[in-house]
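Asks:
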Amino acid sequence: MLGFAIGGNHTACPTTAATATSFSDATSFVMFVNTSSENQTLYHGSSADTSEQIGSILLMPKERIVLWKRRQFHKFWASSSEVVGTPGMAISPSKEAR
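Counting from -1, one number per residue, gives the positions in the sequence shown under this note's numbering.
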């Protein structure tokens, strides 16, 4: 099971590489939710050159996913602003209290 600690407000994804966002340079994970009733594509771009696409993923309607930013300043954009992102931390709980 994976836990997610929210590290900021959710924000609609930009819809172009030129306006891509890191959602926060202070966090390494972003939870994305496709709030629409259509499939949407989420793009992951390099921070050095936003137009350099690292990868993409298809999000089904109402699907959510937590992605790790290999670099804290990597950027994201989507095919629709109905995909929202929330910066934070992913936590893998164990049976031992920490």
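Ideal Cβ positions, reconstructed from N, Cα and C, are used throughout, including at glycine.
1. Going by DSSP, name the residue or residues bridged to residue 56.
2. Could you tell me if residue 25 is buried or exposed, where buried requires 16 or more neighbouring beta carbons within 10 angstroms of its beta carbon?
3. Can you find the residues in the same chain that come closer than 6 Å, C-beta to C-beta, to residue 6, ignoring five residues on each side of it along the sequence?
4. Going by the C-beta, is residue 18 closer than 6 Å to any heavy atom of the ligand FAD?
5. With H, G and I counted as helix, E and B as strand and the rest as coil, what does DSSP make of residue 17?
6. Helix, strand or coil: which one does DSSP assign to residue 24?
7. Going by DSSP, name the residue or residues bridged to residue 86.
8. For residue 69, which of helix, strand or coil comes out of DSSP?
9. For residue 33, does the three-state DSSP call read helix, strand or coil?
10. Is it buried or exposed for residue 95, if we count other Cβ within 10 angstroms and need 16 for buried?
Replies: Well, looking at it:
1. Here residue 56 refers to the residue found at position 58 of the sequence shown. DSSP output for residue 56 lists 39 as bridge partner(s).
2. The residue given as residue 25 occupies position 27 in the sequence shown. By the neighbour-count rule (16 or more Cβ atoms within 10 Å), residue 25 is buried.
3. The residue given as residue 6 occupies position 8 in the sequence shown. Correct list, in chain order: 22, 85.
4. By its list of ligands, the structure shown contains no ligand whatsoever, and the ligand FAD lies outside what it can speak to.
5. Counting from one through the sequence shown, the residue named residue 17 turns up at place 19. Residue 17 falls in the helix class under three-state DSSP.
6. For the purposes of this step, residue 24 is taken as residue 26 along the sequence shown, with counting starting at 1. The answer is coil: DSSP assigns residue 24 none of H, G, I, E or B.
7. As a first step, residue 86 must be located in the sequence shown, where it is residue number 88. BP columns for residue 86 point to 4, 27.
8. In the sequence shown, the residue the question calls residue 69 occupies position 71. Residue state, collapsed to three classes: coil.
9. As a first step, residue 33 must be located in the sequence shown, where it is residue number 35. Three-state result, residue 33: coil.
10. As a first step, residue 95 is located in the sequence shown; it is residue number 97 there, counting from the start. Because residue 95 carries a pLDDT of 41, less than 50, the predicted location of this residue cannot be relied on, and the following value inherits that uncertainty. By the neighbour-count rule (16 or more Cβ atoms within 10 Å), residue 95 is not buried but exposed.
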